[in-house]
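2 protein chains.
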Amino acid sequence: MVEGDELVRVLTALASPQRLRMLAVLAGGRRYVSDLARQVGLSRPLVHAHLSKLAAAGLVTSETELSEEGHAMRYVTVTPFSLSLTPEVVAAAVATLPGPDPRDANEENKR
Amino acid sequence: MVEGDELVRVLTALASPQRLRMLAVLAGGRRYVSDLARQVGLSRPLVHAHLSKLAAAGLVTSETELSEEGHAMRYVTVTPFSLSLTPEVVAAAVATLPGPDPRDANEENKR
DNA sequence: GTGGTGCGTAATAATTTGTTTACGCACGAC
DNA sequence: GTCGTGCGTAAACAAATTATTACGCACCAC
Chain A
1 MVEGDELVRV LTALASPQRL RMLAVLAGGR RYVSDLARQV GLSRPLVHAH LSKLAAAGLV
61 TSETELSEEG HAMRYVTVTP FSLSLTPEVV AAAVATLPGP DPRDANEENK R
Chain B
1 MVEGDELVRV LTALASPQRL RMLAVLAGGR RYVSDLARQV GLSRPLVHAH LSKLAAAGLV
61 TSETELSEEG HAMRYVTVTP FSLSLTPEVV AAAVATLPGP DPRDANEENK R
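First to last, the protein sequences are chains A and B. Sequential numbering from 1 applies to the first sequence in full-length UniProt numbering. Sequential numbering from 1 applies to the second sequence in full-length UniProt numbering.
In structure tokens form, the structure reads like this:
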């Protein structure tokens, strides 16, 4: 079972066409940041910001390597994930969310 | 297979703790709008706005009924959904997204 | 009439997210 | 030295989302 805050993080990370595009590119194999930026047509700082969200959600990882030319290249890799969502899963995850508890309503409104 | 824009709509709708809470409440059975608002502790217009997003994503439906007291009651029901997400599913959905196509990078960057 | 319940919508404000520009570092090739 | 490649970050700005307040409609009970 997934924790509520983790679920929110993952869903939020995925709820962006730009980030989905980035994941799609990376699903075909790891890329270094500048290449990824060129691929998806975004500026480097923007890719940086998006990657930060994907990483925080655990959807990508990155490692820095030295290229033959002496460049510090930051390679980004998709972390394999499998997320199954149903209303029941949502309800269970929400139960672990910090914050306001649902208020008990009387049962007579339930039909 | 899910269409890209539909996926974005669903993920965006779910990427909100408030809306997840609403879904969790509704997963336990349908509620009318004011009751739902009280349950999640939000103002009615706000619930309205959130419901609009959930409905646009096909995650809830609503119907208006007349109560015994003559009130027009708007009942909201969760639409059963099952969403399975993996990097491959994302990539396939992204391929159907309108907008900038991924640019072909030469293969030499791929290691 | 007042007060309670329900409903939808508009306008406005506040907050969050997204994006660009700019700065500066590194290395190697010329 | 300049120019090309790579990198991270900050600041400023724009856009989008979220939330509140207000308005007005309906019905019923008293």
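Each residue gets a CB set at the ideal place from its N, CA and C atoms; glycine is no exception.
Nearest Cα to E6 (chain B) within the set B:L59, B:L51, B:H71 and B:H48: B:L59.
E63 (chain B) sits in a strand when the DSSP states are folded into three classes. Residue-level contact by beta carbon fails for L51 (chain B) and chain A, as no gap is shorter than 8 Å.
Distance from the Cα of T77 (chain B) is smallest, within the candidate group B:A24, B:T12, B:V8 and B:L14, for B:A24. Rounded to whole angstroms, the gap between the alpha carbons of M22 (chain A) and L26 (chain B) is 33 Å.
Looking at the DSSP output, M73 (chain B) shares a beta bridge with B:E65. Between the alpha carbons of V47 (chain A) and A95 (chain A) lies a distance of about 33 Å.
Measuring C-alpha to C-alpha distances from L36 (chain A) to each of A:S62, A:L11 and A:E88 identifies A:S62 as the nearest. Under the criterion of beta carbons closer than 8 Å, G99 (chain B) and P17 (chain A) qualify as touching, at roughly 7 Å.
Taking a C-beta distance under 8 Å as the contact criterion, L54 (chain B) and R30 (chain B) do not qualify as a contact pair. The closest CA to that of L14 (chain B), considering only B:A91, B:S52 and B:Y75, is found on B:S52.
For A93 (chain A), same chain residues with a beta-carbon under 6 Å away, outside a window of 5 residues either side, are V2, G4 and L7 in chain order. P87 (chain A) counts as buried, since at least 16 other C-beta atoms from the protein chains shown sit within 10 angstroms of its C-beta.
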